[in-house]
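Enquirer: Take the position in the sequence shown, starting the count at 1, then add 4; the result is the number in the working numbering.
The beta-carbon is built from N, C-alpha and C at its ideal position, and this holds for glycine as well.
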Amino acid sequence: MPRRFHDAEELFPPATFIKRALAIIYDGLISIAVLLVATWVYTMIAGWIIGWDQYEQMAEAGQLSGDPGLTFTLFLVLYLFFAYFWTRIGQTLGMQVWRIRIENLDGTSVSWTQALLRYGTAAAVIFITMVASYYVGPATLFLTVPAILALFLPINGLSITDRTSNSVVVQVPKETKKKKL
5 MPRRFHDAEE
15 LFPPATFIKR
25 ALAIIYDGLI
35 SIAVLLVATW
45 VYTMIAGWII
55 GWDQYEQMAE
65 AGQLSGDPGL
75 TFTLFLVLYL
85 FFAYFWTRIG
95 QTLGMQVWRI
105 RIENLDGTSV
115 SWTQALLRYG
125 TAAAVIFITM
135 VASYYVGPAT
145 LFLTVPAILA
155 LFLPINGLSI
165 TDRTSNSVVV
175 QVPKETKKKK
185 L
């Protein structure tokens with residue numbers, strides 16, 4: 005059941021690009037820590053299943069580079085990390101710091117499907133630009149930066165990820181502290 009953040013009639017202004025970008029940087033640093041822990045857990049489990057001696061030989065031979073199991077695990081862990089926060093409270097840790105929130109137009113929390121659409125859209129754009137820059141070379145940098153900016157830059161208050169997930173990133177007003185009587 006979706007959580008209601010505010011009344012449907014109450015509209016919050018869309019989050020600015022600067023706040024979105026700062027939240028992305030903050031969450032990016034947290035994501036690195038999450039991915040490091042997930043990689044460590046994956047390595048421990050894989051080494052235990054395969055056997056440490058054989059796993060070490062595979063690593064030294066370069067057979068573990070580009071491991072599709074690890075890639076899928078990291079993709080899934082990062083999705084679960086973001087989707088958990090987006091569906092529960094509408095805010096990741098970085099979004100809480102900058103007082104922005106993802107919500108539906110009626111003021112309710114997004115669903116896991118909407119979170120998957122947001123995450124998938126962002127991942128697809130980033131993946132495509134990375135592949136293009138790898139195969140075409142640094143000359144695609146002039147295409148890569150605008151593509152990443154278009155992903156998060158709101159036009160009429162909505163970014164590409166907002167449009168694909170049918171949600172919006174809004175600025176959350178400061179809560180007024182109630183005086184105790």
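Apart from the five residues just before and just after ALA119, which ones in its own chain have a Cβ nearer than 6 Å to its Cβ?
Expert: Result list for ALA119: ALA87, TRP90, THR91, in chain order.
Enquirer: By alpha-carbon positions, which one of PRO158, VAL129, THR112, GLY66 ends up nearest to GLU14?
Expert: Minimum Cα distance to GLU14 is reached at THR112.
Enquirer: Where does TRP56 land, buried or exposed, given buried means 16+ other C-beta within 10 angstroms?
Expert: Label assigned to TRP56: exposed.
Enquirer: Assign LEU162 to one of three DSSP states: helix, strand, or coil.
Expert: Strand at LEU162.
Enquirer: Please name the residue, chosen from ALA42, TRP102, THR47, ASP166, that lies closest to LEU84 on a Cα-to-Cα basis.
Expert: With distances taken between Cα atoms, LEU84 lies closest to ALA42.
Enquirer: Which runs of the alpha helix (DSSP H) fall wholly inside the region 30-79 and span at least 4 residues, in chain order?
Expert: For the region 30-79, whole alpha helix (DSSP H) runs of length 4 or above, ordered along the chain, are 56-64.
Enquirer: Classify VAL176 as helix, strand or coil using the three-state DSSP reduction.
Expert: Correct three-state label for VAL176: coil.
Enquirer: Have a look at the DSSP bridge pairing and note the partners of ARG105.
Expert: Paired residues: VAL174.
Enquirer: In this structure, how does DSSP classify ARG122 when only helix, strand and coil are distinguished?
Expert: It is helical.
Enquirer: Measure how close the beta-carbons of GLN175 and ILE104 come, nearest whole angstrom, since I'm counting them as under 8 Å.
Expert: Sure, about 6 Å apart at Cβ, within 8 Å.
Enquirer: Who pairs with PRO17 in a beta bridge, going by DSSP?
Expert: In DSSP, PRO17 forms no bridge with anything.
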